[in-house]
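Take a look at the structure below.
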Amino acid sequence: MKELDKYFTPETAETKWYDTWEKSGAFTPDANSPKDPYTIMIPPPNITGKLHIGHALVNTLQDVVIRFKRMQGYNALWLPGTDHASIATEAKVVESLKKQGLSKEALGREGFLKHAWAWKEEYGGFIIKQLRKLGCSCDWSRERFTLDEGLSKAVRKVFIDLYNEGLIYKGERLINWCPCCHTSISDAEVEYSEEPSSLWHIRYDAPDKSFSLTVATTRPETMLGDTGVAVNPKDERYKNLIGKTVIVPIVNREIKIIADPFVETEFGTGAVKITPAHDFNDFNAGKTHNLEIIRVITEDGLMGDVVKKYEGMDILTAREQIVEELKQLGNLVKIEPYTHNVGKCYRCHHTVEPMVSKQWFVKMESLAKPALEVVKNKELTIYPPRYEKIYNHWLENIQDWCISRQLWWGHRIPAYYCEKCGKIYVGEEAPKHACACGCTTWVQDEDTLDTWFSSALWPFSTLGWPEKTKDFDTFFPTSTLITGNDILFFWVIRMVFSSLKQTGKIPFNKVVLHGLVRDALGRKMSKSLNNGIDPLEAIAEYGADALRFSLVQGLSLEVDLRYSKDRLDIAKAFINKLWNSAKFVFMALEDNNHPKKPETSAFAPEDNWILGKLDQTIAGVTKELDTFEFGDALQKLYDFFWNDYCSWYIEMVKPRLYDKENPSREAAQYVLAHGLTVILKLLHPFLPFVTEELYQNLKTDENELLITAPWPEMSNIASAQDSENIELLQYFITNLRNVRANMNIEPSKKTSLIFVAKEAGDYLKSAEPILQKLAFAKAVEIRANKDGIPDNAICIEHLKATLYIPFEDLVDIEAEIARLQTEKEKYITLIERVKAKLTNEKFVEKAPAATVAGERDKLKNYETLLSSIEERLAKLA
RNA sequence: GGGCGUUUAGCUCAGCUGGUUAGAGCAUCUCGUUUACACCGAGAGGGUCGGGAGUUCGAAUCCCUCAACGCCCACCA
4 MKELDKYFTP ETAETKWYDT WEKSGAFTPD ANSPKDPYTI MIPPPNITGK LHIGHALVNT
64 LQDVVIRFKR MQGYNALWLP GTDHASIATE AKVVESLKKQ GLSKEALGRE GFLKHAWAWK
124 EEYGGFIIKQ LRKLGCSCDW SRERFTLDEG LSKAVRKVFI DLYNEGLIYK GERLINWCPC
184 CHTSISDAEV EYSEEPSSLW HIRYDAPDKS FSLTVATTRP ETMLGDTGVA VNPKDERYKN
244 LIGKTVIVPI VNREIKIIAD PFVETEFGTG AVKITPAHDF NDFNAGKTHN LEIIRVITED
304 GLMGDVVKKY EGMDILTARE QIVEELKQLG NLVKIEPYTH NVGKCYRCHH TVEPMVSKQW
364 FVKMESLAKP ALEVVKNKEL TIYPPRYEKI YNHWLENIQD WCISRQLWWG HRIPAYYCEK
424 CGKIYVGEEA PKHACACGCT TWVQDEDTLD TWFSSALWPF STLGWPEKTK DFDTFFPTST
484 LITGNDILFF WVIRMVFSSL KQTGKIPFNK VVLHGLVRDA LGRKMSKSLN NGIDPLEAIA
544 EYGADALRFS LVQGLSLEVD LRYSKDRLDI AKAFINKLWN SAKFVFMALE DNNHPKKPET
604 SAFAPEDNWI LGKLDQTIAG VTKELDTFEF GDALQKLYDF FWNDYCSWYI EMVKPRLYDK
664 ENPSREAAQY VLAHGLTVIL KLLHPFLPFV TEELYQNLKT DENELLITAP WPEMSNIASA
724 QDSENIELLQ YFITNLRNVR ANMNIEPSKK TSLIFVAKEA GDYLKSAEPI LQKLAFAKAV
784 EIRANKDGIP DNAICIEHLK ATLYIPFEDL VDIEAEIARL QTEKEKYITL IERVKAKLTN
844 EKFVEKAPAA TVAGERDKLK NYETLLSSIE ERLAKLA
């Protein structure tokens, strides 16, 4: 067995093992394998992205699960890939063109797309390379990109089928327009933020000035497009005005006063100006009341040509000038400060303009129902479960989905228009036939589809659907989707209804949603705050294992993760501890590389004890991982490894190891090696590199890799008697150390230990070598009673035994009295508490009998210990 | 406006269906170069479990209410 270096060096292990794993085929499952499949589809990162800490988290979690399942013997597939990210990529490409003095318009569609593909080739693989550094065991042979031919074909098929079924339609509706990205976006892509603004009160006069009416608005500039004023039909103030007309100042348009119940009488003046072209409520009201739609804002987010002098002006300037003009006209009644919610584009954060526009939509109602059903009937499970409510609420209130984008980078809509009459044809390619009007020229729709339209098909389009493929048969539906809770609406829900519609099946059995990674103060990590942690720097400095550990330790899916660099230090310390414990084990095995499992009778109590703890750990970690309690799984491993295995077991077993003649030495070697093997296996999903590196020194089969080694099974060797004895031993050792530390007794001062014990005596005597090592013992003596023990011995009480430590002249009597006094008070308090319960008749009457009996036992035990302490005190005094 | 979540030691979090002397890691302090590890070991201090009220023999745990923080949805112009 080779001797390990002083420290683990991540860099060399990382490249070595990643290459070995990949070459071994461990990442690449065979679709023909008889093993049960376990499939995870990566949430495809954008090609524009660089790996950030959030990616590091979500991909670590996926890797933990896929490695766990692979070791459990599943035919594990983690399919990787990237998303073309239409808006983000197009913006990046436009930006890079600008630097070269080029523009989208000048290049034209084809020229632009050439540049975009070139950009993708150059930068699109960044994240994928970075995932390898993290240790992600993805099947790179199945890597996909949302604009691949196969996936694009799936997109076209879905579009065409939904269109033919009437579930996709084109219509003029009010949509969210981002003037910066220069495209429509869906409702889900708008984020609202509160901003201080004003509420302007503007007076609209009757044509003959016989009356007037004041409206309140947050958007005075849209008045140029007003085609009505609405009041609540029940509003007494305005009842007699309904049906009459007023004049819009500046444009001098005569508009009708209409009654609509959506108007809140309490808000503002109770009268609302109606701009159907630029407001969702107004659009609806305009429809009901047949109002004209006048667009006043252009696609560039500037004022249109309704009023010449404002044409081309940006909105805020126009707002100021229009307010000024109203003031001069005498129509401005007042300005109130007001906070209102402004919609922003989730990509570029530019203010979104509601705008009437002709776009393609997916009809949601019939698609939403089955998606609600599968969660309700538990076919699809969401972790943590509280997200079910959010999922349901969103689907129950869903609006039609605007899917067309005025972009070039993406899946072009497979719709064609007759050049002459505009008739729509939807199909794989332009029709060969003439239009009914006789024209033979068909022009394809200029727009592309929402990126999320293609990602919605990701779980099946990546497996070759709509073709009938072996991969699809084997790996679909997928097992678990792990992603951030921020894309529940964008992506998760859309995959569910798309999959149900297209394949008739759920896309995955389980969805695991995690929170956001925040900084130590709970703030979002952002460029402007410069509080981000670059995962690649973390890997360079601490290693991929440490980064992974730091992300999973203490992780709870319920809340956002507060992340700071100390997590990396803790991770590093843990890995170092693991490394060193292995170093110790290898040394201990030097002359016996692969100790055989001994007869059960050869195991010492501490062996059985640690094997029992090991079983609990195997069961616990497996259970936690199966329910995606990643933080708890790692915590259980941490505690077992550091406390039970290192601090207790290794220390207890040292005397046996150092004594080459000891008949139970081989048993100790076996348990040590077996324990470490199991620890490495359980830790492997979290810390793949260091565990693989160490496992290579322990494995018995030369060709075996930890990545594909079987998940550990319980040994069921534990015995209750041994566990009790070890716990008793630990009790005395801990208390003894405590006493000595408080009395400042040097470690070199060894003492005799005298136990007055009945049944436990045999065991305590047999533990003499351990007590010498861990309890500063010269010798251990067992007596049947306390006769002859010096009065000034220190005494540690336990119900099963009492430990006396004759310190001779070392003992500080005062200190010992003080200690016993504290002990005495502790037991007095405990006794009072228990007595209070037991003298409460209602407690005795109503509490379960076992609880009452338990309290009675406690009382008896406390009293025994107390009287013994009192006796000692009396002697010392 | 509606909904959800969080609030336990200085910090990060465990404490599941009510009965434990309320736990862990980090940080702090004391002691220690014991042949795996000072990225270590041993030990200590530190919490009336956000406030209030309630149910119960018994509440960190259940109900109500309030507060702070965070998130989501709605959009009253």
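Positions 4 to 880 (the working numbering) are the ones given, in order, by the first sequence. Beta carbons are placed, not taken as given, at the ideal position from N, Cα and C, and that holds for glycine.
So, residue i versus residue j, is the Cβ gap smaller than 8 Å?
{"i": "E784", "j": "I820", "result": "no"}
{"i": "H343", "j": "E198", "result": "yes"}
{"i": "L660", "j": "A591", "result": "yes"}
{"i": "G138", "j": "F692", "result": "yes"}
{"i": "T481", "j": "L154", "result": "no"}
{"i": "K242", "j": "I260", "result": "no"}
{"i": "F463", "j": "P510", "result": "yes"}
{"i": "G127", "j": "T85", "result": "yes"}
{"i": "L777", "j": "E609", "result": "no"}
{"i": "T454", "j": "A676", "result": "no"}
{"i": "G273", "j": "D238", "result": "yes"}
{"i": "E98", "j": "C348", "result": "no"}
{"i": "M746", "j": "A818", "result": "yes"}
Out of curiosity, what's the CA-to-CA distance linking residue i and residue j?
{"i": "N556", "j": "E858", "result": "According to the sequence shown, residue 556 is Gln rather than Asn. If you take the alpha carbons of Q556 and E858, they lie about 37 Å apart."}
{"i": "G487", "j": "D537", "result": "18 Å"}
{"i": "L54", "j": "E323", "result": "43 Å"}
{"i": "V275", "j": "Y172", "result": "31 Å"}
{"i": "N646", "j": "S726", "result": "15 Å"}
{"i": "V520", "j": "A605", "result": "50 Å"}
{"i": "V299", "j": "G231", "result": "15 Å"}
{"i": "S529", "j": "E705", "result": "48 Å"}
{"i": "F552", "j": "E17", "result": "15 Å"}
{"i": "N255", "j": "E224", "result": "14 Å"}
{"i": "Q362", "j": "D285", "result": "19 Å"}
{"i": "A723", "j": "E762", "result": "15 Å"}
{"i": "D211", "j": "E302", "result": "37 Å"}
{"i": "I573", "j": "Y641", "result": "11 Å"}
{"i": "N512", "j": "T42", "result": "10 Å"}
{"i": "P279", "j": "A288", "result": "7 Å"}
Would you identify the three-state DSSP class for residue i, choosing helix, strand or coil?
{"i": "S409", "result": "The sequence shown places Gln at residue 409, not Ser. DSSP places Q409 in coil when its eight states are reduced to three."}
{"i": "L60", "result": "helix"}
{"i": "K72", "result": "helix"}
{"i": "K684", "result": "helix"}
{"i": "G882", "result": "Residue numbering for the chain in the displayed model covers 4 to 880; residue 882 lies beyond these limits and cannot be assessed."}
{"i": "K212", "result": "coil"}
{"i": "I792", "result": "coil"}
{"i": "G114", "result": "helix"}
{"i": "F475", "result": "helix"}
{"i": "Q638", "result": "helix"}
{"i": "W714", "result": "coil"}
{"i": "N49", "result": "strand"}
{"i": "L383", "result": "coil"}
{"i": "C649", "result": "helix"}
{"i": "W468", "result": "coil"}
{"i": "M655", "result": "helix"}
{"i": "M316", "result": "coil"}
Using only alpha-carbon positions, find the residue among the options that is nearest to residue i.
{"i": "T805", "options": "G764, Y41 and E224", "result": "G764"}
{"i": "D317", "options": "F692, C183, L244 and I401", "result": "C183"}
{"i": "E146", "options": "S501, P46 and T221", "result": "P46"}
{"i": "V96", "options": "Q505, I56, L410 and A712", "result": "L410"}
{"i": "V355", "options": "N611, E194 and P658", "result": "E194"}
{"i": "E669", "options": "T603, L628, A622 and E627", "result": "T603"}
{"i": "K9", "options": "I578, Q75 and I205", "result": "I578"}
{"i": "C440", "options": "E302, F30 and C424", "result": "C424"}
{"i": "Y386", "options": "Q331, T630, N595 and N179", "result": "T630"}
{"i": "V495", "options": "H597, F478, K580 and Y390", "result": "Y390"}
Identify every residue that forms a DSSP beta bridge with residue i.
{"i": "H343", "result": "E198"}
{"i": "I277", "result": "G231"}
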